[in-house]
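S.K.: Can you keep this structure in mind? I'll have questions shortly.
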Amino acid sequence: GDTLARTEHDIPVDQVGLVSLICILPIGWLLWNFASSAGLGDHALLLTIGGIVIVVVVGFLVSTVCGYMAGLIGASNSPLSGIGILVVAITALFLVVSVKSSLPPEMGKALVAYALFVTAVVFNVAAIANNNLQDLKTGQLVESTPSKQQWALVIGVIASALVIPPVLDLVNKAYGFAGAPGASAHALPAPQAGLISALGQAVIQNDPEKWQLMGWGALIGAVIITLDWLLSKTSSSMRVPPLAVGLGIYLPTASTLMVTVGALVGWWFDRRADRTAKPDATKQLGVLLASGLIVGESVLAVIFTALVAFTNNQFPIGVVGDSFSTASEWLGGIAFVLVIYALYRWVGRALSAA
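Take a look at the structure:
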């Protein structure tokens, strides 16, 4: 018969199925061990079987949605937060129907923790699908071999599993997360996790206050969606994206402010780039520089976190007192603007000389 083109070679489906079945074993062990350690040992078998079914069935469905969106418009636009809300609601409903009635009220927190643990597993499935489909889409554009990409992604998942947990543990020891027991004054905010946890508590513990808040949120969402639909019918330029509004409501200003600033700067830069002799090359250099700033900040943040954790000092490299904090913010902002301006000038000279 006809031989498949190199760009159509995938890992054989029987190998994919075999590896998937093998992966169910450690997932099942994790679910059983978590249920037992949370005081749900009498129901560990039922919870493990139910958790595996949720991971396999719901994980398959959400990976399809997230993977499709990642391949279409990029992993950063994949609806992971919405997926988490859906998964924790399904898991919490399963726990309410299956085991809640046979447990004392004080075990409600254990059930919430188990629901969040199952949701975390499905989150990993969706995140892997995001990376997989985005990588394969990029590979298709440059005519790479899909099977080689897929094996590289398997290695990437293993490497991530070895690297990410120690880094998260390091961050937790250095700062903690807002809302967690023993969190410091410098605890890191986790609004998405807080939202998903609140939903799990509302379903399992039947908290009227949380249901009321989510009801108001649903009402606001419906109003925004309706407004966006009306604008789409009456205006060609004005829209109210519901996802953007929702993110702006529940994400802290510290997380969204620079996104807004970056969008404005990017818009201005693209307009200037369109007036250059090589607009595409100019925009590409701008994207590379912006990506480098993001990656560099992340690497330095991990290094600084390690210093905080190992020295048990929130300011391990501080050379001035607390009274200098306001001035340092201004100086840091001015230095950042100067660096951006220098990079902008450098890009302009490089393109002019090319």
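For the sequence shown, the working numbering gives the first residue as 3, with consecutive numbering after it. Glycine residues also receive a C-beta, built at the ideal position from the N, C-alpha and C atoms. Computed from a predicted structure; not experimentally measured.
Label Pro14 either buried or exposed according to how many other C-beta atoms from any shown protein chain fall within 10 Å of its C-beta, with 16 as the threshold for buried.
M.R.: Exposed, since its Cβ has fewer than 16 Cβ neighbours within 10 Å.
S.K.: Can you list the alpha helix (DSSP H) stretches of 4 or more residues lying completely in the segment 263 to 330, in chain order?
M.R.: Here the runs fully enclosed are 281 to 313.
S.K.: Here's the rule I'm using: 16 or more other beta-carbon atoms within 10 Å means buried, otherwise exposed. How should Phe338 be labelled?
M.R.: Under this definition Phe338 is an exposed residue.
S.K.: Report yes if the CB atom of Ser229 is closer than 8 Å to the CB atom of Val242, and no otherwise.
M.R.: The question names Ser, yet the displayed sequence has Leu at residue 229. Yes, they are a contact pair.
S.K.: Strictly by DSSP, which residues pair up with Phe36?
M.R.: For Phe36, which the question treats as bridged, DSSP gives no partner whatsoever.
S.K.: Check for me: the alpha helix (DSSP H) holding Ser234 runs from which residue to which?
M.R.: Unbroken alpha helix (DSSP H) run through Ser234: Pro210 to Thr236.
S.K.: Below 8 Å, can you find three or more Cβ-Cβ pairs linking the segment 31 to 48 to the segment 94 to 111?
M.R.: Because the criterion of three Cβ pairs below 8 Å is met, the segment 31 to 48 and the segment 94 to 111 touch.
S.K.: For Val159, which residues of its own chain have a beta-carbon under 7 Å away from its beta-carbon, when the five flanking residues on both sides are left out?
M.R.: The answer, listed in chain order, is Ile130.
S.K.: In the DSSP assignment, what residue or residues form a beta bridge with Leu190?
M.R.: DSSP lists Phe179 as partners of Leu190.
S.K.: Quick one: grab the DSSP three-state call for Val341.
M.R.: Note: Val341 maps to helix in three-state DSSP.
S.K.: Can you name, in chain order, every residue of its own chain whose Cβ lies under 8 Å from the Cβ of Ile206, other than the five neighbours on each side?
M.R.: So the list reads Ala94, Leu97, Val98, Lys102, Gly110, Leu113, Val114 and Ala117, once near-sequence residues are dropped.
S.K.: Considering Ser83, what are the terminal residues of the alpha helix (DSSP H) in which it resides?
M.R.: Note, Ser83: alpha helix (DSSP H), Leu82 to Ser100.
S.K.: Less than 7 Å between C-beta atoms, sequence neighbours within five positions excluded: which residues of the same chain meet that for Thr262?
M.R.: Excluding sequence neighbours, Thr262 sits near nothing in its chain.
S.K.: If you pair each beta-carbon of the segment 58 to 70 with each one of the segment 125 to 141, do three or more pairs fall below 8 Å?
M.R.: Result yes; three or more Cβ-Cβ pairs closer than 8 Å.
S.K.: State the Cα-Cα distance for the pair Ser146 and Ala154, rounded to the nearest angstrom.
M.R.: Those two C-alpha atoms are separated by around 12 Å.
S.K.: Which class does Ser361 belong to by DSSP, given the choice of helix, strand or coil?
M.R.: Past the boundaries of the shown model lies residue 361; the chain is included only from 3 to 356, so the question cannot be answered.
S.K.: In the structure shown, what three-state DSSP assignment does Ser22 receive?
M.R.: Residue state, collapsed to three classes: helix.
S.K.: Could you pull the start and end residues of the alpha helix (DSSP H) that Ala246 belongs to?
M.R.: It spans Pro244 to Tyr252 - the alpha helix (DSSP H) in which Ala246 sits, taken as one unbroken run.
S.K.: Within 10 angstroms of the Cβ of Val144, are there 16 or more other Cβ atoms? Answer buried if so, exposed if not.
M.R.: Val144 is exposed by the Cβ-count criterion.
S.K.: In three-state DSSP terms, what is Ser239?
M.R.: Coil.
S.K.: Here's the rule I'm using: 16 or more other beta-carbon atoms within 10 Å means buried, otherwise exposed. How should Trp34 be labelled?
M.R.: Classification of Trp34: buried, given that the 10 Å Cβ count is 16 or more.
S.K.: In three-state terms, what does DSSP make of Ile13?
M.R.: In the structure shown, Ile13 sits in coil (DSSP, three-state: anything other than H, G, I, E or B).
S.K.: Straight-line CA distance for Ser237 to Leu105?
M.R.: Approximately 55 Å, taken between the alpha carbons.
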